[in-house]
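Position one of the sequence shown corresponds to residue 1 (full-length UniProt numbering), numbered consecutively onward.
Note sheet for the following structure.
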Amino acid sequence: MEDRKIIYFYGEPSPRVRDEDVYLNNYDLSGFKVGDQAYQSVEHYFQSEKYRGYPNANAEEIRKAVIDAIDADTSKKLARTYQDSDKQQSLNADHWHKWEERKDQVMRDAIEYKFAQNEELRKKLIETGDAVLIEDSPVDKYWGGAVEGSLNKLGNMLMEYREKARKEQA
């Protein structure tokens, strides 16, 4: 197996993203369950968690629509529709502030659910060795790592989980 120092991943192959690395991205349809609820992808879970404790009578309907979205992109767009509407109307600011405080932990949980319940993907992640994992987003400076000044939060969280999985395997 080739020993790469950097592995770029994103929603689809590109000059830097190999087809075999697409599984690392949040849109990958590698389902998992949390309790009795099934999720199609990390993105479905992450977006739906924005509406846990949402102060709206339709909160559970919104969560269900986000969870049941046909694909991860639709899930994200649907979740953002409500979030953007709140921001435009200056509604539920406390809820969205709390979301910003907990979103990193929600992403860590989602990564763990995905890889703990998908043994083949967990093995592939461990096999990335010590490579630096970088989400090759051309626009996302928070989760991505390709734009100058990016934080590469998603790549860093995947590397943290990889280390944990490696220790559990030993």
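Don't be surprised by glycine CBs; every beta carbon is placed ideally from N, CA and C.
Remember, it's a predicted structure, so these values are computed and weren't measured experimentally.
Pick from the options that is closest to residue i, judged by C-alpha positions
i      : options                          : result
Lys153 : Lys167, Arg108 and Lys124        : Arg108
Arg63  : Ser85, Gln37, Glu101 and Lys87   : Gln37
Ile126 : Asn156, Glu163, Met157 and Gln83 : Glu163
Ile111 : Glu160, Gln169, Val17 and Ala170 : Glu160
Asp94  : Gln169, Glu49, Leu121 and Tyr54  : Tyr54
Asn56  : Ser75, Asn92, Tyr27 and Arg122   : Asn92
Beta-ladder partner(s) of residue i, from DSSP
i    : result
Tyr8 : Val17 and Ile134
Short Cβ contact (8 Å threshold) for residue i with residue j
i           : j      : result
residue 171 : Phe9   : Shown here, the chain extends from 1 to 170; a query on residue 171 therefore has no answer.
Gly129      : Asp3   : yes
His44       : Ala65  : no
Leu158      : Leu24  : yes
Gln105      : Lys33  : no
Ser14       : Leu29  : no
Ile6        : Val147 : no
Phe115      : Ala165 : yes
Ser85       : Ile67  : no
Neighbour flag for residue i against chain B, beta carbons, 8 Å
i     : result
Trp96 : The chain labelled as chain B is not found in the depicted structure, where only one protein chain is given.
What are the complete alpha helix (DSSP H) segments, minimum 4 residues, inside the UniProt domain "NADAR" (21-164)? DSSP runs (the alpha helix (DSSP H)) wholly in the UniProt domain "NADAR" (21-164): 42-49, 59-68, 72-88, 93-116 and 119-126.
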